[in-house]
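Take a look at the structure below.
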Amino acid sequence: MSAVLTVTEVSRSFGGVQALQAVSLAVDQGAVHCLVGENGSGKSTLTKIIAGVLSADAGTVAMAGHEPRSGVNPALAIREGISTIYQDLALFPNLTVAENIAPGERSASLKPHWQWRSSAKSAAADALEELGSAISPTTVVERLPTAERQLVAIARAMTHRPRMILMDEPTAALTHQEIDRLLALVGRLRDEHSMSFMFISHKLNEVLELADSVTVLRNGVVASEGPAADYTIERLSNDMTGRKISSARPTKAPSGREPRLTVTGLCVKGAVGDVSFEAAEGEVIGIGGLLGSGRTELALCLCGLLKSSAGSVEIDGVALRPGHFQDAIECGIAYVPEDRLTEGLFLDRSIRDNAAAAVASAHSSRLGVLDRSALHATAEKWLGQLRVKSADSNDAVNTLSGGNQQRVVLSKWLANRPRLLILNGPTVGVDVGSRHDIHETIRRLAKDGTTVIVASDDLPELLAVTHRVLVLSSGRLRHDLHTSDLTVQALWEAISADGARS
Amino acid sequence: MIRNALRDRVDAHVILLVGLLIFEISVFSILEPATYPTRANFTSMTLQASEIGLLALGVVLTMIVAGIDLSIVATANVAGIIAARTMTSLGGSSAGATATAIIVGVVVALAWGAVAGALNGTLVVGARVSPILVTLGTLTLFTGIGTAATEGKVVFGIDAFTWLGDGKVVGLAVPFLLLVALAVLLSLLLARTRFGFEAYLVGENARAAWFSGISVRRRQFAMYVASGMLSAVAGLVVLGRTNAAQVDFGQSFVLLAVLVAVLGGVNPYGGRGSPLGALLAVAVLQAMSTGLNQVLVEHSGSNFFKNFAWGILLIVVLAISARSR
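So the sequence lines, in the order shown, correspond to chains Z and F. Numbered by this note's numbering, the letters in the first sequence go through residues 1 to 502 in order. Numbered by this note's numbering, the letters in the second sequence go through residues 1001 to 1325 in order.
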């Protein structure tokens, strides 16, 4: 088989962070290629370079029969036969299905203006029929469920007569049945039309079900590649994370201590239903579950960033007012958000100011006069404890690498001496070394008596740092598993089996 | 070493502005040796710069928290009108009655400024409407209030109050001293207090500030109230200088004040800037505008060249500043 797309030695950096380093891959004619990797591994950057919406610093992207390119030119990529369906689908919600599909229909644009609508309708109907779909072309897109919107996006992509369709996380928002239907459609287009697909995904089981070949990215480089038949879920996760699953385990769970956190019948409208659990002083609890399982919502609700509709959260016997983040902070809860860049950091400010951001009140007089030297001393102390590597803590935080930035975010919260630390995806997009150090920090904090909650979709991480894992699906607490005798395989089965049942 | 130490302490932008100011004064002193480098000219320049400077301080404060206040001039004019009406209606024949009238007038004007700022703050923070739209709206609203109250006519104040506009202390114009004092005070507040530290963080990234437990809304609200009160001070200064208040006074000052704030190193996206920078920027603008006026009088110049030159100045300063970052 001949390659339809060839990516050669592509590199790209963002302000000192190397997102991709000499990445090469090839997609065969009439094959499904899966690009997998953790968040921050460079998948999205590579997708954007292939789609022509980002330029490469070095290296080229070439479609068979066309000149290699490296610059920004999405229209050229489409002409060469690459159609890209982004995660948000990029549809116009207020227009009809036909109007959404037609702008890509070349013949429609040649029709006189007054005939555009009717020709668009028939073109859209044809395109949808080809996909075996019965969506009416006159429906307004915002009334369609996600799976059908996705079909509209695919139909639109098809009108370009692409040789390859690039899909970014196509299954993230779909139910299991819808995923099966989508995969069947992709398989049919591959076999009947000899089209090529490139899937970006981190759902490992799907990857293996559909793909002909696989490329695993880790920290911007190709960690492994080969035919899908050579891969097992275990190998994929090993290659994605770059570590053996049997890594360090937490120290034994503390016993006989008073519960620090008591959650009773907690509900969040549309996300979490009737969750109850206790966490002791010095205990590390993981929250696992698929996307949309209520994992993030539960974490946000515990610290008052999301208002609960029923139930209670108590810290050392004191009930928190639902939806009051400031209260939660005063009670000693710290929340480290998922998205470091937009929620955790003040990018243009100094490392020191970032680390000090949450403790200004503790270092000012009653009149509000700030003791800057004390504030900086506290910041430096925690930056040192977390081994943040920088030439000068007066430098802007955006000069640091992802791993060091995440440590700065942690320093900010640890400076507040929390009693309950809630971490959401603590090592997303972080290099292996920093990841190890962050895990080490979590274990040390727990040993010193802090209660830690880790919400994560990184199973080895949950096993490496937690004493117990709460498995959620559809917002319900399905399992409360002790980590000591748990394997990644068993945890994955617990998480995904529940996903299938729902 | 010394260079690095200096760079850490002094912003490159400040150096640029000081350099520009020295350059302007030297050039115009050479071109117009008889009129430019004189005491009378400097006094007149400081006086003219004060009103814009006070208005610009409000813009600086709101821009630090990633907002803007375009209602400054309208707020100032209404403050002047309220103060003039209060003083003339209370002003008696005795010195004591006059003093009371002035104090009450000033307090009422400042209270108006706080209310106007609180309205802006509430709409921006509470209703989450874009600051540009909110303050354009209140600009119109306040102008309407002023027009309704005065039918667009000039309102006169009382003679005793003109000290605020015309008075001198150790040879320096009172409005200028007021501007310098407020700029220094505000810079200290921003640099030395928890409020200031957190306000810059709010401007840099409100979401991250919120996650850090900072009460984002309170910081933003306070800046709008402060901007309203600073505008009221500017309105009082205008009343003192002209002994009159009018609803359509100085409408071009809005954009000038924004210009001064940005020229002074405020980041319009928030998180950066200082009242002292605005003070320097207003000096740079005034030195140039007076100098150009004097040069152009000889060459049958018209006023259009002044705007032209200010535009160039702004672009040049921003370009140099963006490059040095």
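Glycine included, every Cβ here is placed at the ideal spot set by N, Cα and C.
R1192, T1193, R1194, F1195, F1197, E1198, L1201: these are the residues of the stretch 1175-1201 of chain F whose beta carbon lies less than 7 angstroms from some beta carbon of chain Z, given in chain order.
In the assembly as shown, H467 (chain Z) is a buried residue. Its beta-carbon has 16 or more other beta-carbons within 10 Å. When rounded, the separation of the alpha-carbon atoms in A490 (chain Z) and L54 (chain Z) is 40 angstroms. The C-beta distance from E206 (chain Z) to T171 (chain Z) rounds to 6 angstroms, short enough to fall under 8 angstroms.
DSSP places F197 (chain Z) in the strand class (E or B) of the three-state scheme.
Proximity of E1032 (chain F) to chain Z, defined by a Cβ-Cβ separation below 8 angstroms, is not satisfied. In terms of beta-carbon proximity, D191 (chain Z) stays away from the interface with chain F, with every pair separated by 8 angstroms or more. Secondary structure note for N424 (chain Z): it is in no alpha helix (DSSP H), and the uninterrupted beta strand (DSSP E) holding it is 420-424. Residues of chain Z with a Cβ closer than 8 angstroms to the Cβ of R1207 (chain F) are, in chain order, T342, E343. With distances taken between CA atoms, V397 (chain Z) lies nearest to Z:R340 out of Z:T84, Z:R257, Z:R340, Z:L370. Secondary structure note for V369 (chain Z): it is in no beta strand (DSSP E), with a DSSP letter that is neither H nor E. Any Cβ of chain Z closer than 8 angstroms to the Cβ of F1221 (chain F) would place that residue at the interface, and such an atom is absent. The beta carbon of V275 (chain Z) sits no closer than 8 angstroms to any beta carbon of chain F. For I154 (chain Z), the three-state secondary structure derived from DSSP is helix.
In this structure, M164 (chain Z) lies away from V36 (chain Z), with their beta-carbon atoms at least 8 angstroms apart. At a beta-carbon threshold of 9 angstroms, the residues of chain F lying near K412 (chain Z) are S1212, ordered along the chain.
For F14 (chain Z), the uninterrupted beta strand (DSSP E) segment begins and ends at 3-14. I422 (chain Z) is positioned such that its CB atom lies no closer than 8 angstroms to that of A223 (chain Z). Exclusion of the five residues before and after A1118 (chain F) leaves V1225 as the residues of its chain whose Cβ lies within less than 6 angstroms of its Cβ.
What S1215 (chain F) touches in chain Z, judged by beta-carbon distance under 9 angstroms, is Q326, going in chain order.
Taking 8 angstroms as the cut-off, the beta carbon of S44 (chain Z) is found no closer than this to the beta carbon of R218 (chain Z).
Taking a Cβ-Cβ cut-off of 8 angstroms, G1058 (chain F) has no neighbours in chain Z, whose nearest Cβ is about 21 angstroms from it. Straight-line measurement puts the Cα of L1255 (chain F) at about 16 angstroms from the Cα of A1283 (chain F). Below 8 angstroms, enough C-beta pairs join the stretch 1274-1283 of chain F and the stretch 1180-1193 of chain F to call them touching: three or more. By the Cβ rule, the stretch 357-376 of chain Z does not count as touching the stretch 1225-1243 of chain F, because fewer than three pairs are nearer than 8 angstroms.
With a cutoff of 8 angstroms on beta-carbon distance, M1223 (chain F) and V1065 (chain F) are scored as near each other.
Separation of L1280 (chain F) and V1262 (chain F) (C-alpha to C-alpha, rounded to the nearest whole angstrom) is 11 angstroms. Annotated as distal: I329 (chain Z) and L472 (chain Z), with beta-carbon spacing of 8 angstroms or more.
Boundaries of the alpha helix (DSSP H) harbouring H1013 (chain F): 1012-1031, taken from the DSSP string.
Within chain F, the residues placing a beta-carbon under 8 angstroms from that of Y335 (chain Z) are F1211, ordered along the chain. Beta-bridge partners of V1169 (chain F) (DSSP): F:L1172. Taking a Cβ-Cβ threshold of 7 angstroms, none of the residues of chain Z is close to G1273 (chain F); the smallest such distance is about 12 angstroms. With fewer than three CB-CB distances shorter than 8 angstroms, the stretch 1200-1211 of chain F does not count as touching the stretch 1074-1091 of chain F. At least one beta carbon of chain F lies nearer than 8 angstroms to the beta carbon of F346 (chain Z).
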